[in-house]
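Asker: In the numbering used here, the protein residues as written are -2 to 146.
Glycine included, every Cβ here is placed at the ideal spot set by N, Cα and C.
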């Protein structure tokens, strides 16, 4: 029905303001909007979904290989599990705006900066929401360290 009101295939930017969006519903929506370049969303429930199980899902594979999304903003606090799924789903991501919980910040940044992570090879901009200055200093140390050079 929505496709009759708005031609979904013509959309290039999608902002989803929904508090309880499941990953499967997001994937379903992205199947109908193949030309999205910018995605902003405020929730992603992983209820009953794991990184390994979702990668076997045909719709996930289709969206992951065909979407053109390069700019992603994920507003709620993101865990490493959610980040891994986001990066696998949006393998052409160039700009990422995200909010990490302090306890997950280091592991998430390490994941994003891994040289072997081919899904982040296009990533050139990382904007962190709500980061304390103490964590910024720690991040700078991480990035400068030999680990990432």
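Check this for me: beta carbons of residue 86 and residue 61, under 7 angstroms apart or not?
Answerer: Result yes, Cβ atoms of residue 86 and residue 61 sit closer than 7 angstroms.
Asker: Helix, strand or coil for residue 89, going by three-state DSSP, please let me know.
Answerer: The answer is coil: DSSP assigns residue 89 none of H, G, I, E or B.
Asker: In the structure shown, what three-state DSSP assignment does residue 49 receive?
Answerer: Helix at residue 49.
Asker: Quick one: using the 10 Å Cβ neighbour count with 16 as the cut-off for buried, is residue 15 buried or exposed?
Answerer: Counting Cβ neighbours within 10 Å, residue 15 comes out exposed, since fewer than 16 surround it.
Asker: Residue 24 lies in the alpha helix (DSSP H); which residues open and close that run?
Answerer: Where residue 24 is concerned, the enclosing alpha helix (DSSP H) stretches over 20 to 28.
Asker: Alpha carbons only, please: which of 81, 74, 140, 84 is nearest the one belonging to residue 128?
Answerer: Per the Cα distances, 74.
Asker: Can you tell me which of 42, 35, 112, 34 puts its alpha carbon nearest to the alpha carbon of residue 17?
Answerer: Cα-wise, what sits closest to residue 17 is 42.
Asker: Between 78, 59, 6, 139, which lies nearest to residue 48 when the distance is taken from Cα to Cα?
Answerer: Comparing Cα-Cα distances from residue 48 to each of 78, 59, 6, 139, the minimum goes to 78.
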